[in-house]
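Under my numbering, the first residue of the sequence shown carries the number 2, and numbering increases by one thereafter. Just so it is clear, CB atoms sit at the ideal spot from N, CA and C, and this is done for glycine as well.
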Amino acid sequence: MITSAEVNLMRRWLWEQFNISAHFRTEAPGFAIREWNTDPVACARSLVATLNRMLQEGECVARDAITWARSASVEGRKVSRVVIASDLGLQPRDLHRHLATVDEAIARHASKFGFERTKHITTREKVISGLVQAAAARIQGSIDEADGFYLAAADLADLPTTVRILPVGRDRTTRTRVRHRARRTLPLSPKVSPEGAAHDILVMRSSLESDPAEALRQLEHAWRIGDFAALPLLLQHALSAAPDPVSVGPNLRAWLLEVGANIFRDAESLMALTWTSAWIREATADAPGARRIAANGRKTRAHVLQLHGFLDAAGDELKLATEAFAEVDHRIEDYQIIKADLQVRSVALAALSGDVVLAHDLLEKIEDNVSDQMKLGAQRYRLQIESMAVARTLQRRSFSRVRAAKYEHALSRLSAALPSVPADRRLTVVDTVIAAAVRVGDVASIRTFVDQIDWVEASAQPNIKFRLAGRLKQAAKLPLLGDLGDIRLGSEYHPLRSAGMVPRDLRYLM
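See below:
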């Protein structure tokens, strides 16, 4: 038998567990020890499931359930009682009486049916949750909290210090408290919405369409032509035009979330995880495109996690994407593109994880059948993998002429393809060549490719500019290439590549 007093005690105990400034004055109630071994995360997740069950059974109303959940901080973060009371139109002193009725309802339900059980939490889920919360906190201006959430996710993933994004905020106390608390409480997180993703809006001349579909077409067009300056304003407008699936329909809303996920993916921003999470979450299981969304969304999440060095989480996410793709209808328009991208992502992850042999085998299986749109990408990965294989023999002081010949062949194929590559993608190929050549100390190839580019006129996408600047600095350390460090590459400013949201280590940028 569970009493309302015990539920009240549990609510206060949970609130203190997830409040970074609390001093843990309340001891866990006896049944919390018995049921969840004093694990606040397991307790909170079980209570959320229990409240949902009570809502379905009509044992409480939605407003009461939400108020109680916020008062117990079951989403893993503190919510001020003054704010909760204000939202209800109550004085803070009256809030306790209101919550007491919900305490009694929970006690009655738990005494009769027990608490709902929840599934085991994987490290992947904890890491993604931490990164999503970091992105949300940064957009909201809580920079130190964002740093703390990011570091907690990095700790859980055992991410090397050299790979981690450097903290942006200056309040070490807040950062440390959030970091330590988040390590224990992830993945308790609100279902973060993309709202606010374009927080820093650049005021500019633009035609904003009132029709949601037209607003989305304008956004997608700006993304495809690389009009980066327009993206924040158009994103914010599209979000206001298509705020949820109910108002505009699930297909239009899914289109918005897919375009938004692609925009932030191309910016290599952690904010892409928020968009993909919302995209996957809002897709109803029985909808025709749900499997495609699950496969595509998880594939995008895996790519972003890889770029930021979270390889284990990326591998788990890619496995789930592949499983979802197995159930996708072969007749959809972009079936072959998604399939090829999944295969290429697998190659990249295998190579970055150090399994060059597996990466080589995977690429051998797919290279002949890859679509025309993905052939250049496959050739770039071929060069990266062959250079990794050569580098391994160099490290062992057992130079392999066979491996070197394969590297030279891959390099010659990419060199032959370069003149036909569109101008806006040519520097991506040069970036790949420099990365591979630096790995094996191929000074001659670096010089050949660098001399083909008119660096005064050349302009790269912002993410490629970051990569190339780093690669050129690496190359400048090799013999006869010292002048490469003086190259300055032009690029348009990208307002969505903000500090603390984009990757730092060049190794994972494949």
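Check                                                                                                                                                                                           : Outcome
Give me whichever residues DSSP pairs with S460 in a beta bridge.                                                                                                                               : G491
Do you know whose CA, among Q385, D228 and A135, lies nearest R404's CA?                                                                                                                        : Q385
Out of P463, I144, Q337 and I454, which one is the CA nearest neighbour of E269?                                                                                                                : P463
Where does S413 land, buried or exposed, given buried means 16+ other C-beta within 10 angstroms?                                                                                               : exposed
Can you name, in chain order, every residue of its own chain whose Cβ lies under 6 angstroms from the Cβ of A242, other than the five neighbours on each side?                                  : P213 and A216
When the Cβ atoms of the stretch 275-286 are set against those of the stretch 98-108, are three or more pairs found closer than 8 angstroms?                                                    : no
I need the boundaries of the alpha helix (DSSP H) containing K554, first residue and last residue.                                                                                              : Any question about residue 554 goes unanswered here, given that the chain covers just 2 to 511.
Straight-line CA distance for D68 to Q18?                                                                                                                                                       : The sequence given here places Thr at residue 68; Asp does not occur at that position. Going from the Cα of T68 to the Cα of Q18 covers about 18 angstroms.
From R508 to T301, what distance separates their C-alpha atoms?                                                                                                                                 : 19 angstroms
Within this structure, are the beta carbons of E146 and T175 separated by less than 8 angstroms?                                                                                                : yes
Which first and last residues belong to the alpha helix (DSSP H) in which E221 is found?                                                                                                        : P213 to I226
Between which residues of its own chain and R82 is the CB-CB distance below 8 angstroms, once the five residues before and five after are set aside?                                            : S72, P93 and L96
Just to confirm before moving on: does the CB-CB distance between V260 and L220 stay below 8 angstroms?                                                                                         : yes
Go ahead and pull the three-state DSSP assignment for H110.                                                                                                                                     : helix
Using only the alpha-carbon positions, how far apart do A476 and S347 sit?                                                                                                                      : 28 angstroms
For the alpha helix (DSSP H) containing A445, name the first residue and the last one.                                                                                                          : V444 to D452
For the stretch 157-171 against the stretch 315-322, do three or more pairs of beta-carbon atoms, one drawn from each stretch, fall closer than 8 angstroms, so that the two count as touching? : no
Report the residue from R173, H110 and R13 whose alpha carbon sits nearest the alpha carbon of A50.                                                                                             : H110
Do the stretch 474-494 and the stretch 222-240 make contact, defined as three or more Cβ pairs closer than 8 angstroms?                                                                         : yes
Quick check on D245: buried or exposed, where buried means 16 or more other Cβ atoms within 10 Å of its Cβ?                                                                                     : exposed
Tell me the DSSP secondary structure of N38 in three-state form.                                                                                                                                : coil
Are the CB atoms of S5 and A108 nearer to each other than 8 angstroms?                                                                                                                          : yes
Below 8 angstroms, how does it come out for the stretch 320-332 and the stretch 147-155: are there three or more Cβ pairs, yes or no?                                                           : no
Return the chain-ordered list of same chain residues with a C-beta closer than 6 angstroms to the C-beta of S354, the five sequence neighbours on each side being excluded.                     : L312
Cα separation between F450 and L350?                                                                                                                                                            : 27 angstroms
Whose C-beta lies closer than 6 angstroms to the C-beta of I367 among residues of the same chain, with five residues either side of it excluded?                                                : Q344
Do V84 and L189 have their C-beta atoms within less than 8 angstroms of each other?                                                                                                             : no
What did DSSP end up calling A198 once you bin it into helix, strand or coil?                                                                                                                   : Confidence at A198 is low in this model, with a pLDDT of 48, below 50, so the placement of that residue is unreliable and no value is reported for it.
For a test of the three-state rule: what should DSSP assign to T68, helix, strand or coil?                                                                                                      : helix
From A322 to L89, what distance separates their C-alpha atoms?                                                                                                                                  : 41 angstroms
Ordered along the chain, which non-local residues of its own chain (more than five positions away) have a Cβ less than 6 angstroms from that of R171?                                           : none
G501 by DSSP, collapsed to three states: which one?                                                                                                                                             : coil
Let me know the secondary structure DSSP gives L203 once reduced to three states.                                                                                                               : Note on L203: pLDDT 47, under 50, position unreliable in the model; no value is reported.
On the DSSP letters alone, give me the boundaries of the alpha helix (DSSP H) that M2 sits inside.                                                                                              : Careful: M2 lies outside any alpha helix (DSSP H) and carries neither H nor E.
Less than 8 angstroms between C-beta atoms, sequence neighbours within five positions excluded: which residues of the same chain meet that for R505?                                            : V164, R165, I166 and L167
On the DSSP letters alone, give me the boundaries of the alpha helix (DSSP H) that E146 sits inside.                                                                                            : I144 to L157
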